[in-house]
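A.B. asks:
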Amino acid sequence: MGPGAVQLLRAVIMGPPGSGKGTISSRIVKHFALQHLSSGDLLRENMNKRTEIGVLAKSYIDQGRLIPDDIMTQLMLRELKTLEQNHLLLDGFPRTVPQAEALDKVCSIDTVIDLDVPFETIQQRLTARWIHSASGRVYNLDFNPPKVPGMDDDTGEPLIQRDDDKPETVMKRLKSYEAETRPVLEYYRQKGVLKSFAGTETNKIWPHVHSFLRTKLPDIG
Ligand code: AMP
């Protein structure tokens, strides 16, 4: 780094599905001047534009599988190059140790925000959504439950769960996080850049993430 150069933040946010990562990320972006690079958003953009990578990615995502490391890494590193001059928040990448190693070769991560939400809380949150299929009405057992358990308020008809909200599917996603992504936390812990935020409520975790980042960047929100 040359004299007078600004130390650019190189951050990653991690957390299992249902950990509130989406909410926390959008709050970070609102409060701090950094570039948010989300692998999921980038993939969806490529799928919408039907790029070569987008078409390939769709076949994996439709099967609920991770995109192969080499494709994912190529896509993200190409995008990273265009953002080099900014503070950075990576989201959804790296999700595996090989991705973290490939990233390391071009960009040294200095901060990893880990949302450490208990397994039971996540399971409960992810399976709380029920829908009335005819109308599309959505209920959440935690914050807008139906008046009669399991029944639609207007018609009295039974509610159902979407396939990807069913306990067995939720378990599959959580297991994949444990197997593939948990080791990435360990990888960063060993590098001394992991900062874990434990809690069961996003609104209680957020102030801690906020004050932590305030030690690194000015709040512009
Ligand atoms: P997300 O919006 O982060 O949940 O990403 C949606 C889907 O894109 C995931 O379920 C994966 O199939 C794929 N995906 C996103 N990021 C990655 C990554 N870093 N490695 C492999 N697959 C990914």
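Heads up: take any position in the sequence shown, counting from 1, add 38, and you land on the numbering used here.
No residue lacks a Cβ here, since even glycine has one placed at the ideal position from N, Cα and C.
Please state the DSSP three-state secondary structure of proline 245.
C.D. replies: Of the three classes helix, strand and coil, the one that applies to proline 245 here is helix, per DSSP.
A.B. asks: For the beta strand (DSSP E) containing isoleucine 51, name the first residue and the last one.
C.D. replies: Per DSSP, isoleucine 51 belongs to the beta strand (DSSP E) from 48-52.
A.B. asks: Give the DSSP-derived three-state secondary structure of isoleucine 198 in the structure shown.
C.D. replies: Three-state DSSP puts isoleucine 198 in a strand.
A.B. asks: Beta-carbon separation of lysine 210 and glycine 78 under 8 angstroms?
C.D. replies: No, these two residues do not count as a Cβ contact at 8 angstroms.
A.B. asks: I'd like to confirm something about arginine 167: is its beta-carbon nearer than 7 angstroms to some heavy atom of ligand 1, or not?
C.D. replies: Checking the Cβ of arginine 167 against ligand 1 gives no.
A.B. asks: For aspartate 152, which residues does DSSP report across the bridge?
C.D. replies: BP columns for aspartate 152 point to Met52 and Ser234.
A.B. asks: Aspartate 148: which of Ile51, Thr159 and Arg82 sits nearest, CA to CA?
C.D. replies: If we check each option's Cα against that of aspartate 148, Ile51 comes out closest.
A.B. asks: Hey, leucine 80 and leucine 113 are a contact pair by Cβ (cut 8 angstroms); roughly how many whole angstroms apart?
C.D. replies: About 6 angstroms separates the two Cβ atoms, so the contact holds.
A.B. asks: Looking at phenylalanine 181 and ligand 1, is the gap between the Cβ and the nearest heavy atom below 7 angstroms?
C.D. replies: Outside the cutoff, so no.
A.B. asks: I need the DSSP call for isoleucine 3, collapsed to helix, strand or coil.
C.D. replies: Given that the chain is displayed from residue 39 to residue 259, the structure contains no residue 3 and the question cannot be resolved.
A.B. asks: In whole angstroms, what is the alpha-carbon distance linking leucine 223 and proline 54?
C.D. replies: The alpha-carbon atoms of leucine 223 and proline 54 are separated by roughly 11 angstroms.
A.B. asks: Relative to the C-alpha of isoleucine 198, which candidate in Asn241, Ser171 and Asp100 has its C-alpha closest?
C.D. replies: Ranking the options by Cα distance to isoleucine 198, first place goes to Ser171.
A.B. asks: On the three-state DSSP scale, how would you describe valine 186?
C.D. replies: In the structure shown, valine 186 sits in coil (DSSP, three-state: anything other than H, G, I, E or B).
A.B. asks: Rounded to a whole number of angstroms, what is the C-alpha to C-alpha distance between leucine 128 and valine 247?
C.D. replies: Approximately 15 angstroms between the Cα atoms of the pair.
A.B. asks: Mind checking which residues open and close the alpha helix (DSSP H) that includes arginine 167?
C.D. replies: Premise fails: arginine 167 lies in the beta strand (DSSP E), 167-170, not in any alpha helix (DSSP H).
A.B. asks: Where does histidine 74 fall in DSSP's three states?
C.D. replies: Residue state, collapsed to three classes: strand.
A.B. asks: Enumerate in chain order the residues of its own chain whose CB-to-CB distance from valine 186 is below 8 angstroms, with the five nearest sequence positions on each side excluded.
C.D. replies: Result list for valine 186: Gly194, in chain order.
A.B. asks: With DSSP as the reference, label leucine 80 as helix, strand or coil.
C.D. replies: Correct three-state label for leucine 80: helix.
A.B. asks: Just checking tyrosine 98 against ligand 1 - is the residue's beta carbon closer than 7 angstroms to any of the ligand's heavy atoms?
C.D. replies: Yes, ligand 1 has a heavy atom inside 7 angstroms of this Cβ.
A.B. asks: So, is alanine 95 buried or exposed, given that buried needs 16 or more other C-beta atoms within 10 angstroms?
C.D. replies: Buried, since its Cβ has 16 or more Cβ neighbours within 10 Å.
A.B. asks: Put asparagine 124 into one of helix, strand or coil per three-state DSSP.
C.D. replies: The answer is coil: DSSP assigns asparagine 124 none of H, G, I, E or B.
A.B. asks: Would you grab the beta carbon distance between isoleucine 66 and isoleucine 243 for me? Rounded to a whole angstrom, and I think it's under 8 angstroms.
C.D. replies: Actually they are not in contact, since the Cβ atoms of isoleucine 66 and isoleucine 243 sit about 12 angstroms apart, beyond 8 angstroms.
A.B. asks: Considering just the uninterrupted stretch of the alpha helix (DSSP H) at tyrosine 225, what are its terminal residues?
C.D. replies: Start and end: 220-229.
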